[in-house]
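Visitor:
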Amino acid sequence: MKKISIQLLGTLLFSLVFFAGCLKDEDRVPVPAGFMTFVNAFTSPEGLYYQIDGRTLNAGYAPIMFRGYSTASLYVGNRNLRAMSASQNKTIVDSTITVRDSTAYSSFVYGTPAQPKFAMTQDKVIDNLGDKTAFRFFNLANGVSEVSLFIGDSSTPAFADRPVETGASAVQHQTFVAKESGSFRLEVRDADGNKIAERDSYNFTRGYYYSILLIGTKEDNSMPLYIGVIPH
């Protein structure tokens, strides 16, 4: 299968969504756009609606549930991003974001109803990724302190001793790290080396990009700690 970079994928999807009729009208000029992955790591059973400048993005107006994600193309410039509870009675996130042309981003809503959190990253490709796979890790969980991600039996310094993300630290950790591709078990350990979450073997395709997330709440049976994998 031919591999498509994050940025090219965003541009391609934008052309499919907004310019399906361009071939019939040679005078049309594509409008500059960026691309966003919306990740719901917010520990609420309601799910979230997302709006950009008051326009709801959810496909079919269905909420994005906890552990879910979706994608959309966005016009460039300063945009108002809102994440709302599925009942639309409460705004969880209300932030102004800047979207640049041909640039891919990810947004993460996490935390709890009592303390919602938001982070946004820029998703940059790795030069000469070749047959390897690109990884990055975010600690978006509740009730934990520093954690380390193990991919297979190996640890990676960039994924070790990671406290719960802030908006600033997520930007610091947005860079992808190239590692071997293949099928690996995932495990997250706390500062004492105790396993707090695991996921059975996941096949990471060569040449592709993945965000690995620790989400959920420690010692919560309804929304326990979970290792999410977001392909880009």
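Here our numbering = 1-based position in the sequence shown + 4. Beta carbons are placed, not taken as given, at the ideal position from N, Cα and C, and that holds for glycine.
Please classify A63 as buried or exposed, where buried requires at least 16 other C-beta atoms within 10 Å of its C-beta.
Guide: Your numbering for residue 63 matches position 59 in the sequence shown. Classification for A63: exposed.
Visitor: Determine contact between the region 122-137 and the region 148-167, defined as no fewer than three beta-carbon pairs at a distance below 8 Å.
Guide: Not touching, per the Cβ criterion.
Visitor: Taking V192 as the reference, give the member of S185, I68, A201 and Q126 with the closest Cα.
Guide: Along the sequence shown, one-based indexing puts residue 192 at 188. Closest by alpha carbon: A201.
Visitor: For A164, name the three-state secondary structure that DSSP assigns.
Guide: Looking up residue 164 in the sequence shown gives position 160. Three-state result, A164: coil.
Visitor: Hey, quick one: how far does the alpha helix (DSSP H) through Q176 stretch, first residue to last?
Guide: Working through the sequence shown from its first residue, we reach residue 176 at position 172. Its alpha helix (DSSP H) spans residues G171 to Q176.
Visitor: Is G38 closer than 7 Å to R83 when the C-beta atoms are compared?
Guide: In the sequence shown, counting from the first residue as 1, residue 83 sits at position 79. In the sequence shown, counting from the first residue as 1, residue 38 sits at position 34. No; because the gap between Cβ atoms is not below 7 Å, this pair is not in contact.
Visitor: Bridge partners for V233 per DSSP, in chain order?
Guide: Translated into positions along the sequence shown, residue 233 becomes position 229. Answer by DSSP bridge pairing, in chain order: I216.
Visitor: Does the separation of the CB atoms of A243 and G58 fall below 7 Å?
Guide: The structure shown does not extend to residue 243, since the chain spans only 5 to 236, so no value can be given for it.
Visitor: Starting from I155, follow its DSSP beta bridges and name the residues at the other end.
Guide: As a working note, residue 155 is residue 151 in the sequence shown. Answer by DSSP bridge pairing, in chain order: S158 and L190.
Visitor: One question on the structure: do L218 and N143 come within less than 7 Å of each other, judged by their Cβ atoms?
Guide: If you number the sequence shown from 1, residue 218 lands on position 214. If you number the sequence shown from 1, residue 143 lands on position 139. It is a contact, given that the beta carbons lie within the stated cut-off.
Visitor: Would you tell me roughly how many angstroms separate the C-alpha atoms of K199 and Y230, rounded to the nearest one?
Guide: Residue numbering aside, residue 199 sits at position 195 when the sequence shown is read from its first letter. Residue numbering aside, residue 230 sits at position 226 when the sequence shown is read from its first letter. Using only the alpha carbons, I get a separation of about 12 Å.
Visitor: Can you list, in chain order, the residues of its chain with a C-beta nearer than 7 Å to that of D224? Leave out the 5 residues immediately preceding and following it.
Guide: Residue numbering aside, residue 224 sits at position 220 when the sequence shown is read from its first letter. Within the same chain, D224 has no close Cβ partners at all.
Visitor: Straight-line CA distance for S110 to D196?
Guide: Working through the sequence shown from its first residue, we reach residue 110 at position 106. Working through the sequence shown from its first residue, we reach residue 196 at position 192. Going by the C-alpha atoms only, they are around 31 Å apart.
Visitor: Would a C-beta distance cut-off of 7 Å place Q178 and T125 closer than the cut-off?
Guide: As a first step, residue 178 is located in the sequence shown; it is residue number 174 there, counting from the start. As a first step, residue 125 is located in the sequence shown; it is residue number 121 there, counting from the start. Cβ atoms of Q178 and T125: closer than 7 Å.
Visitor: Do V80 and A87 count as a contact pair if the criterion is CB distance below 7 Å?
Guide: Position 83 of the sequence shown, counted from the start, is the residue given in the question as residue 87. Position 76 of the sequence shown, counted from the start, is the residue given in the question as residue 80. Going by C-beta atoms, A87 is not nearer than 7 Å to V80.
Visitor: Please state the DSSP three-state secondary structure of G58.
Guide: Residue 58 sits at position 54 when you count from the first residue of the sequence shown. The answer is coil: DSSP assigns G58 none of H, G, I, E or B.
Visitor: Rounded to whole angstroms, what is the Cα-Cα separation between S187 and G72?
Guide: As a first step, residue 187 must be located in the sequence shown, where it is residue number 183. As a first step, residue 72 must be located in the sequence shown, where it is residue number 68. Taking the straight line joining both Cα atoms gives about 22 Å.
Visitor: Under 6 Å Cβ to Cβ from M69, same chain only, skipping five residues before and after it: list those, please.
Guide: As a position in the sequence shown, residue 69 is number 65, starting the count at 1. For M69, where only same-chain residues beyond five positions count, the Cβ hits under 6 Å are G51.
Visitor: Within 10 angstroms of its Cβ, does A76 collect 16 or more other Cβ (buried), or is it exposed?
Guide: Here residue 76 is taken as the residue at index 72 of the sequence shown, counted from 1. Buried, since its Cβ has 16 or more Cβ neighbours within 10 Å.
Visitor: Do E169 and A123 have their beta-carbon atoms positioned less than 7 Å apart in this structure?
Guide: Working through the sequence shown from its first residue, we reach residue 123 at position 119. Working through the sequence shown from its first residue, we reach residue 169 at position 165. Cβ distance < 7 Å, so A123 and E169 count as in contact.
Visitor: Which of helix, strand or coil does DSSP assign to G197?
Guide: Here residue 197 refers to the residue found at position 193 when the sequence shown is read from its first residue. G197 falls in the coil class under three-state DSSP.
Visitor: On the three-state DSSP scale, how would you describe A76?
Guide: Position 72 of the sequence shown holds residue 76. In this structure, A76 counts as strand in the three-state DSSP scheme.
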